[in-house]
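Trainee:
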Amino acid sequence: METAEKTYNIDEKDLARLGAVVFEAYGVPREDAEILSLSLAEADIRGIKSHGMVRVPIYIDQFVNGKFSKETKLTVKKETPVSLVLDGNNGPGAVVSARAVMMTRKKAEQSGFAFAAVHGSNHFGTAGYWSEMLAGDDMIGFASTNSIPIVAAPAGTGRGIGSNPFSYTIPANKYASVCLDVSVGVMAQGKIYEYARLGKPLPENAWLGPDGQVTRDPKQWDPMDYVMIPFGMHKGFGLGVVMEMLTSGLAGAEFHRQYQGLNAKMTENSHCFWAMRIDAFTDVKKYRDQVDAYIEYLHSLPVTNPGDKVYYPGEIEAVLKAKYLREGVPVAAKVVEDMLGLAAGASADVSFIKSKYHI
Ligand SMILES: NC(=O)c1ccc[n+]([C@@H]2O[C@H](COP(=O)([O-])OP(=O)(O)OC[C@H]3O[C@@H](n4cnc5c(N)ncnc54)[C@H](O)[C@@H]3O)[C@@H](O)[C@H]2O)c1
């Protein structure tokens, strides 16, 4: 029988504060520590646990080993009224991205549209967090990043391209924004652990083993040795190729070509961000009403099984966010304990969380 994982239900602000205290204790300037931690807490609150506070120890390791710079300095390499090329100078991806997003939005406010290509950055977390920030309530936002090669080419046997996630956000009126946020692999690597734990076969045509053959056995190899198959084969693969060229290509950086292990120096992640003012095309309210109407149309579509429901992109995450804002974000005890251990190792005061949650 499965044992339920022990979790703490933590208020999002407390969760973000805990992460920020830990990052600051390891030398990240306070404002940047808050930005970084909030980006992770927001992934947890949307139910994207693989990109939430579970990443704090990984990021701390990158800071401690000098793989991420603690200070983030963004350099403008090239600029026009509608474009930016930025160098993140090896800052943490979320801090680089937060600054790049602000600059992109500001330019789009002035010019109607703006596109930023960024190099010299690192893992930026979930693409949807940035496209939502870019969109606000009056624009359409887009964010993408390249990543280490972990996805096979359709006829390939090994790691070819990154999982290169991308996200579009389109604001609605009555409803949460439409937010499509996907990588180009059928299934995220972290989910193999889950299938192994539950003793379930992997989905069909989702994974190759290191021998280059399709496998459904989640226990045959170390999960990190499996190779993702692109969703829709040539379609996902094609999108992954395009994202690489929109990120590293336009930023003038090296593209990722060789897998050197998850712990390889993770510099030279490149991102791209764009924002487009809706009022450059039509009335913003009218447009957002139309998005509402389309969402209602999607909700009215017939379903195969009674009780099922058609969700629009971003809806599942928005429903979870609303629930977790009310009830607190469920965070695995191990994730909280790891953060407390890191805090203790740097003599940081986290009594606020220990006393409130009886940890
Ligand atoms: N920074 C990186 O290097 C990196 C790499 C890979 C993934 N990621 C992030 O990991 C996260 C997960 O990526 P993924 O590829 O596993 O995404 P996924 O397969 O979980 O798909 C998520 C998207 O599909 C929508 N969705 C899910 N179920 C739906 C349903 N039943 N009906 C309608 N829409 C539905 C969601 O609203 C969301 O937009 C994303 O936030 C992504 O940005 C980051």
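Residue numbers (the working numbering): 332 to 690.
C-beta: ideal position from N, C-alpha, C; glycine also.
May I ask you to list the residues that DSSP assigns as paired with F446?
Mentor: Partner(s): S414, W605.
Trainee: Return helix, strand or coil for M597, following the three-state DSSP convention.
Mentor: Since pLDDT at M597 reaches only 45, below the 50 mark, its modelled position is unreliable, and the value read off the structure follows with that caveat. In this structure, M597 counts as coil in the three-state DSSP scheme.
Trainee: Would you mind working out which of I501, T435, I492, I389 sits nearest V622, comparing C-alpha positions?
Mentor: Minimum Cα distance to V622 is reached at I501.
Trainee: Hey, quick one: how far does the alpha helix (DSSP H) through Y618 stretch, first residue to last?
Mentor: Residues 615-630.
Trainee: Closest to D468 by CA distance: which of R608, G451, D418 is it?
Mentor: That would be R608, whose Cα lies nearest to the Cα of D468.
Trainee: For P423, does the count of other Cβ atoms within 10 angstroms reach 16, so buried, or fall short, so exposed?
Mentor: When all chains shown are included, P423 counts as buried.
Trainee: Find the nearest neighbour of F354 within the set N340, S370, K685, judged by alpha-carbon distance.
Mentor: For F354, the nearest C-alpha among the options comes from S370.
Trainee: So, for A364: in the same chain, excluding its five sequence neighbours on each side, which residues have a beta-carbon less than 6 Å away from its beta-carbon?
Mentor: Excluding positions up to five away in sequence, the list reads A351, F354, E355.
Trainee: Any chance the CB of D512 is under 7 Å from a heavy atom of ligand 1?
Mentor: Because some heavy atom of ligand 1 lies under 7 Å away, the Cβ of D512 counts as near it: yes.
Trainee: Apart from the five residues just before and just after H382, which ones in its own chain have a Cβ nearer than 6 Å to its Cβ?
Mentor: Hits under 6 Å: A374, G456, T457.
Trainee: For L405, does the three-state DSSP call read helix, strand or coil?
Mentor: DSSP places L405 in coil when its eight states are reduced to three.
Trainee: Within the present structure, is the beta-carbon of F586 separated from the nearest heavy atom of ligand 1 by less than 7 Å?
Mentor: Flag unset: Cβ of F586 not near ligand 1.
Trainee: Determine, using beta-carbon pairs with one atom in the region 472-485 and one in the region 545-560, whether at least three such pairs fall under 8 Å.
Mentor: They touch, by the three-pair rule.
Trainee: Taking the straight line between their C-alpha atoms, what separation do you get for A372 and I379?
Mentor: So the alpha carbons of these two residues sit roughly 10 Å apart.
Trainee: Apart from the five residues on each side of it in sequence, which residues of its chain come closer than 8 Å, Cβ to Cβ, to N536?
Mentor: Only V517, V545, I560 meet the Cβ criterion.
Trainee: If N420 sits next to F399, beta carbons under 8 Å apart, how far is it from one beta carbon to the other, in whole angstroms?
Mentor: Not really, about 11 Å apart at Cβ, beyond 8 Å.
Trainee: What is the DSSP secondary structure of A554, reduced to helix, strand or coil?
Mentor: Note that residue 554 is Pro in the sequence shown, not Ala. If DSSP states are grouped into helix, strand and coil, P554 belongs with the helices.
Trainee: Whose C-alpha, out of K408, K522, A445, is nearest the C-alpha of S414?
Mentor: For the residues K408, K522, A445, the minimum Cα distance to S414 belongs to A445.
Trainee: Alpha carbon to alpha carbon, how far is R377 from M574? Give it in angstroms, no decimals.
Mentor: Each residue's Cα considered, the two are about 24 Å apart.
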